[in-house]
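**Q**
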Amino acid sequence: MNFFNKIKNSKFSKDVILTLFSQIIIMCSALGINKILSEILGVEGYGQYSIIKKSSAVLSFMMLGGMGITLPRFLSSYLAENDIPHYLFTIKVAIKLVLVITFVLLIVYILGQKYLIDIMVSDTNISLYYIAFFYAFSVCISTFLFSYYRGSDLFVNFSLSQIIIQLLLIGCVFLVGNSVSTVFFSWAVCTTLFIIYSAFREKRKKIFQFVSNDFINHECRKSILMYSFPRLLGDILLFLFAAFPIIYIGNELGIKYSGYFAVGVMFITIVSPLFSFLGTVLLPYVSRAIVKKEFVIANKIINKLLLLYIILSIIIVVILSIFMNYWIALFFTQDFIPAGDITRILIYSILPESLYLLLRNPIDAVSHFPYNMVNLGICFILLLILFGFSTSLSDYAFSYFVVVSFRGCIAFIMWYINRRRLLKKISYV
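In the numbering used here, the protein residues as written are 105 to 533.
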């Protein structure tokens, strides 16, 4: 009972509640956006929208260079140690790395236009191709800002920024949601302007002052790069899981069928914030707990959350499965009802996906070794193999479910091994 009272009255619980509130708003906003766009664009237009959104997400996380995980991990640890020079220098290195990677990717993007345009936008529209890059950059810098807030223990700013951006996105859909190109261009402009405003606000707080100690520069830079680059590959693989199936099915069966598959994936994506929101809090929390030698408490919290996630995900799967056609008609349109059968297969992925979303951040917190990248690499190879043997939309859906389930199991095993290692280490101290 004392354990739960401590948790209830802690800053951790307040951060969780605040983050949950913002994720519920994001989920509702995503539902509204999908409803509006599915009605305006139709099945094929929605399929193209999904391809651009997923492929841009992959590109944005290439630009981010693994900083989505690295910043919360390092900044929270340095704050726990009150090591401000390392904290500030980490931000400096992260900004430079993102800008360099983005510049290199832009050159590749321009030179490889002939080969990449069909993958990125499933079209020959050159302006849409470059709008997709602009949108990817806006996603990159917004994720960077969110990661900075998480690592700096600024969860009020983190939640408010997410809410404001989501409201801007849905506002753009209402105002200029008549075509795929105007949607993504307006999203990119609004997001970028808001991030610029937020960056200037942080600059006024002198958070971007930098240190020049040579020892700090060398050691800190080396540590950041060694930690971030494996996570970069992991981030790319993570978003390829969402992008590859839709792009592949569009090429094999046609963009209409990729639209149907996107509906099933979207149901998983829509409920994901309910499960992923805790990860945004757990990564810096577990990192600080290790520094402060309070990992035993963090471990107890995660054990309780595992049970809660399993129960909640089963309830969601049952509710979605029983009333599937109703949910599709409600959140999309009647034209998407044919997607009901494969969506019933795909939504069973919610259970293993919830476990993966809970554990991936704590795994990165307890180890410098990129276990998540290894997990994603193995599972993506398995996805390629199973898709190669698939011939129908149902085959693709079942293959996706098998791979997501395998990924969740591996994440659980990796967490168990690392947790046991750390607890054993603590017992000897």
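Backbone N, C-alpha and C fix where the C-beta goes; we use that ideal spot for every residue, glycine too.
1. Using only CA atoms, which one of H190, V284 and A515 lies nearest to L179?
2. Tell me whether the beta-carbon of I269 lies closer than 8 Å to the beta-carbon of F298.
3. Please classify F427: does DSSP put it in a helix, a strand, or coil?
4. To the nearest angstrom, report how far apart L145 and N282 are at their CA atoms.
5. Could you please give the first and the last residue of the uninterrupted alpha helix (DSSP H) stretch that includes T437?
6. Among L424, L486 and S290, which has the Cα closest to the Cα of D445?
7. Helix, strand or coil for S471 per DSSP?
8. How close, in whole Å, do the beta carbons of L459 and A393 come, if the pair is a contact with beta carbons under 8 Å?
9. Let me know the alpha helix (DSSP H) ranges lying completely inside the region 474 to 514, each 4 residues or longer, listed in chain order.
10. Using the three-state DSSP reduction, which class does G281 fall into: helix, strand or coil?
11. Please say whether V369 and I350 have beta carbons closer to each other than 8 Å?
12. Evaluate K157 with the Cβ neighbour count: other Cβ atoms within 10 Å of its Cβ, from every protein chain shown; 16 or more gives buried, anything less gives exposed.
13. Count the other CB atoms, across all protein chains shown, that sit within 10 Å of the CB of Y219; report buried if there are 16 or more and exposed otherwise.
14. With distance defined between alpha-carbon atoms, name the residue in S391, V506, I235 and L434 nearest to I489.
15. Any idea if K528 is buried or exposed, counting beta-carbon neighbours within 10 angstroms, 16 or more meaning buried?
16. Report, in whole angstroms, the separation of the C-beta atoms of L480 and L342, which I expect to be a contact under 8 Å.
17. Would you report the Cα separation of L122 and V375, rounded to the nearest angstrom?
18. If I'm right that K397 touches A184 with Cβ under 8 Å, what's the distance once you round it to whole angstroms?
19. Relative to the alpha-carbon of S256, which residue among Y389, I419 and F365 has its alpha-carbon at the smallest distance?
20. So, helix, strand or coil for L386, using DSSP?
**A** For this structure:
1. H190
2. yes
3. coil
4. 8 Å
5. That residue, T437, is in no alpha helix (DSSP H); it is neither H nor E in DSSP.
6. L424
7. coil
8. Not really, about 20 Å apart at Cβ, beyond 8 Å.
9. 475 to 493
10. coil
11. yes
12. buried
13. exposed
14. V506
15. exposed
16. 6 Å
17. 17 Å
18. So it is not a contact: roughly 11 Å between Cβ atoms.
19. Y389
20. helix
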